[in-house]
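K.L.:
First the structure, then my questions, so here it is.
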Amino acid sequence: MKKIIIANWKMHYGPIKAGGWVRAFRRERLPKDLDISIAVPHVSLSAARSSLGRASIPALSGQDVFWEKDGPYTGEVSANMLSEFNIKYCLVGHSERRRILDETDDMVAKKAIALQNEGIIPVICVGETATQNKKKETAKVIRKQVNAVLSKIDLENKTPIVFAYEPIWAIGSGKACSPQHAKEAHEVIRKAIIKKTSEDFSNKTAIIYGGSVDVNNITEYMTTTGIDGCLIGGASLNPRNFALLCRTASTL
Ligand code: PGA
């Protein structure tokens, strides 16, 4: 499995800027040994897709989805609609959504199921708050978040899932989590997956790390056992810097 790098633009760049970002990124030298993808705002997917032309790097991803197929859900976007942009991944349960919009584990599971049913790989974000971290509750919190999804999804579905371990205190804070802490958290997630599913399912399930990853620390994460890639927020906003980060993460 190639290591995964997903840029999470969050609420940055409408269609005009998104098109410019993609064109600038495409002018850079991009490594082939990584699975590089950009999670762009829904309104910018069309522009990003046309600026990509025939290029397959980066793949496109979504940042959120609604679980119903269609109907009276004002403002929402379904997995079926997202699939028209040929997106590869879609984030669900990002801590900003859990915290600001009160998304629950149950909603996150429903979103993951909807995506899998459209062949889109859900990237399920989990992670503890600063307080939970201080109280040494990390393992308990992330195990609960992981199990909540694993107990609802169809384990026979052909579309894999990905977990993103994102300690909330490390997101956008510049306080990157130590590779050792990330390694331990990834082990908790890995064990929970094996316990709830099977070796086979676990082998297909990547676990990536996110939270203040940048060009200076990405190598540490990418070379830590058990970390299958990174989710990058702030450091993905500049296309040239993000391309440099991808080259740094590459082993070619
Ligand atoms: P950050 O965000 O890299 O800016 O910390 C990561 C994320 O929230 O996915």
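Residue numbering for the sequence shown follows the working numbering, starting at 12 and increasing by one per position. Where is the CB? At the ideal position from N, CA and C, for every residue including glycine. Every value quoted in this text rests on a predicted model; they were computed, and no experiment measured them.
Taking Val199 as part of the alpha helix (DSSP H), name the residues at either end of that continuous run.
P.N.:
190-207
K.L.:
Buried or exposed for Asn168, going by 16 or more other Cβ atoms inside 10 Å?
P.N.:
Exposure of Asn168 is indicated by the presence of fewer than 16 other C-beta atoms within 10 angstroms of its C-beta.
K.L.:
Less than 8 Å between CB atoms is the rule here; does Asn144 satisfy it with respect to chain D?
P.N.:
No chain D is part of this structure, which consists of one protein chain only.
K.L.:
What residue does the beta strand (DSSP E) around Ala18 start on, and which one ends it?
P.N.:
Ala18: member of the beta strand (DSSP E) spanning 14-19, first to last residue.
K.L.:
Would you mind working out which of Arg40, Met92, Val157 sits nearest Ala175, comparing C-alpha positions?
P.N.:
Looking at the Cα atoms, Val157 is the closest of the given residues.
K.L.:
Considering only the beta carbon of each residue, do Ile16 and Ile238 sit closer than 8 Å?
P.N.:
It is not a contact, given that the beta carbons lie outside the stated cut-off.
K.L.:
I'd like to confirm something about Ser223: is its beta-carbon nearer than 7 Å to some heavy atom of the ligand PGA, or not?
P.N.:
yes
K.L.:
What does the alpha-carbon distance come out to for the pair Tyr232 and Tyr220?
P.N.:
8 Å
K.L.:
If you run the structure through DSSP and keep just helix, strand and coil, what is Ser106?
P.N.:
helix
K.L.:
What residues match up with Val173 in a beta bridge as DSSP calls it?
P.N.:
Val134, Ala217
K.L.:
Spell out the partners DSSP gives Gly240 in its beta bridges.
P.N.:
Ile15
K.L.:
My understanding is that Ile153 touches Val134, with C-beta atoms under 8 Å, so please give their C-beta distance in whole angstroms.
P.N.:
Going by Cβ atoms, the distance from Ile153 to Val134 rounds to 15 Å, so no, they are not a contact pair.
K.L.:
What is the DSSP secondary structure of Gly222, counted as helix, strand or coil?
P.N.:
coil
K.L.:
State whether the segment 198-206 contacts the segment 221-228, with contact taken as three or more CB pairs (one from each stretch) at a distance under 8 Å.
P.N.:
With the cut-off at 8 Å, the segment 198-206 and the segment 221-228 do not touch.
K.L.:
Using 10 angstroms around the beta-carbon of Ser144, count the other beta-carbons present and answer buried if the total reaches 16, otherwise exposed.
P.N.:
The sequence shown places Asn at residue 144, rather than the Ser named in the question. Result: buried.
K.L.:
Is Asn227 near the ligand PGA, judged by its Cβ being under 7 Å from some heavy atom?
P.N.:
Every heavy atom of the ligand PGA is 7 Å or more from the Cβ of Asn227, so no.
K.L.:
Just verifying my parser: in three-state terms, what is the DSSP assignment at Ala66?
P.N.:
coil
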